[in-house]
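When we follow our numbering, the leftmost residue of the sequence shown carries the number 34, and every step to the right adds one. Written out below as structure tokens is the structure these notes cover.
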Amino acid sequence: MTWSSWHTKVTAVLGAGWALDAYEIGIVDAVLNLLKEQFNITSQQATYIKVVWLLGALIGAIGFGYVSDRYGRKKAFLLTILMYSFFTIVTAFSVNYPMFLVFRGLTAIGVGAEYTAVNATIAEFIPAKYRGGVNTLVMSTWAVGALLANAIQIPLIKYLNPDLCWRIGMGSGAVAALCVFWFRRALPESPRWYLSQGRFEEASAVVSQIESLAGQPLKDPDSVEKMVYDVPKHTNFLGHISTLFLKYPGRTVYAMILNGSQAFGDYGVAGFMSLAILPLAKIPNENMPTILPAG
Numbered sequence: 034m035t036w037s038s039w040h041t042k043v044t045a046v047l048g049a050g051w052a053l054d055a056y057e058i059g060i061v062d063a064v065l066n067l068l069k070e071q072f073n074i075t076s077q078q079a080t081y082i083k084v085v086w087l088l089g090a091l092i093g094a095i096g097f098g099y100v101s102d103r104y105g106r107k108k109a110f111l112l113t114i115l116m117y118s119f120f121t122i123v124t125a126f127s128v129n130y131p132m133f134l135v136f137r138g139l140t141a142i143g144v145g146a147e148y149t150a151v152n153a154t155i156a157e158f159i160p161a162k163y164r165g166g167v168n169t170l171v172m173s174t175w176a177v178g179a180l181l182a183n184a185i186q187i188p189l190i191k192y193l194n195p196d197l198c199w200r201i202g203m204g205s206g207a208v209a210a211l212c213v214f215w216f217r218r219a220l221p222e223s224p225r226w227y228l229s230q231g232r233f234e235e236a237s238a239v240v241s242q243i244e245s246l247a248g249q250p251l252k253d254p255d256s257v258e259k260m261v262y263d264v265p266k267h268t269n270f271l272g273h274i275s276t277l278f279l280k281y282p283g284r285t286v287y288a289m290i291l292n293g294s295q296a297f298g299d300y301g302v303a304g305f306m307s308l309a310i311l312p313l314a315k316i317p318n319e320n321m322p323t324i325l326p327a328g
């Protein structure tokens, strides 16, 4: 199948979700030192906010990888954004540090699940010819989300009560997530997932639906069963991991290095700057959202 307006819509929905993930992280990074003052906690305790986020994201990525394999891509895709929205709102109403920490971790589970859902959707809905470019484009929206988070926090920190600004920032992300959820509802279940479950009639129905939405037929629309050979058989989590390292060791290690480097900057350096470096340089809280994007 060649590119169509339907694929453009899918890419936009995926990019919006990915930008929201960055938005959520950026909102907290911009006010991390302010949260430290609000909750009257030490710098070490403030770093636990980042730690529980990473643990939650890890649990979400692994756990929802299983959920999407077991119950379908669409169910996981919708549940992740609902989890993110719900727990973000609850976090915004936190009255103390322990409550914030718990619900921040639960929010992270939803965001971590998003990582697997977005990449699975790209792999299973975007034509192979365009898949690399779409993946790059969607991943690039991370910067958009981070910039928006800091841009919104600038006036919030400057003009609102410190106890209110970060709550409104989080709430805005939750509202945006519900908008993304609305558009995601229109995405069909992955035909490849149906095939992996041996549900050929439903896979054929989805292919027909995609053809209708895209306004063009697949190369061989009457032979969905022929695609089965290309669909990996269901296996357990360790089976998937062993396949990565045994069949694609070079690519796997390379991807881990790239992702690790990116995570070090996003999750490590940004948080460290707002907690230690910028306060040491006597940068006031209201100026941190302006400086953090440059880092």
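Using N, Cα and C, we set each Cβ at its ideal position, and we do this for glycine too. All values reported here derive from a predicted model rather than from experimental measurement.
Per-residue DSSP class, three states only, for residue i
i    : result
L220 : coil
A314 : coil
T149 : helix
R200 : helix
T35  : coil
L228 : helix
N292 : helix
Y130 : helix
Y281 : coil
Separation of residue j from residue i, as counted between CA atoms
i    : j    : result
F97  : L112 : 9 Å
N66  : V84  : 15 Å
L180 : E234 : 45 Å
W199 : W86  : 17 Å
N292 : Y281 : 16 Å
I190 : E157 : 42 Å
G50  : S76  : 31 Å
D255 : W226 : In this predicted model, D255 has a pLDDT of only 46, less than 50, meaning its place in the structure is not dependable; the value taken from the coordinates is given anyway. Approximately 18 Å, taken between the alpha carbons.
T44  : L170 : 8 Å
L13  : F110 : With the chain covering only 34 through 328, there is no way to say anything about residue 13.
T285 : H273 : 12 Å
S118 : A79  : 23 Å
A210 : A182 : 14 Å
F305 : Q186 : 18 Å
P188 : Y104 : 43 Å
L228 : V135 : 38 Å
S275 : R106 : 22 Å
Of the listed residues the options, nearest to residue i (C-alpha basis)
i    : options                   : result
L88  : V144, V61 and W39         : V144
I142 : E157, V100, V167 and K107 : V100
S307 : P322, A184, L53 and A55   : P322
Y148 : A90, L313, D299 and N194  : A90
T140 : A207, A219, A63 and T41   : A207
A236 : P221, P317, G283 and G48  : P221
A163 : W36, K315, F305 and A314  : The amino acid occupying residue 163 in the given sequence is Tyr; Ala does not appear at that position. Per the Cα distances, W36.
S173 : K42, G48, S38 and Y300    : G48
I92  : R103, A146 and V61        : A146
T154 : F216, L325, Y56 and S223  : S223
I129 : K108, I82, V167 and V302  : Sequence inspection shows Asn at residue 129; the Ile mentioned does not correspond to that position. Measuring from the Cα of N129, the nearest candidate turns out to be I82.
H40  : M203, C212 and E244       : E244
N- and C-terminal bounds of the alpha helix (DSSP H) containing residue i
i    : result
F72  : Careful: F72 lies outside any alpha helix (DSSP H) and carries neither H nor E.
F119 : R106 to A125
S38  : S38 to A63
A184 : A161 to Y192
G301 : From DSSP, G301 is part of no alpha helix (DSSP H); its letter is neither H nor E.
P322 : M321 to I324
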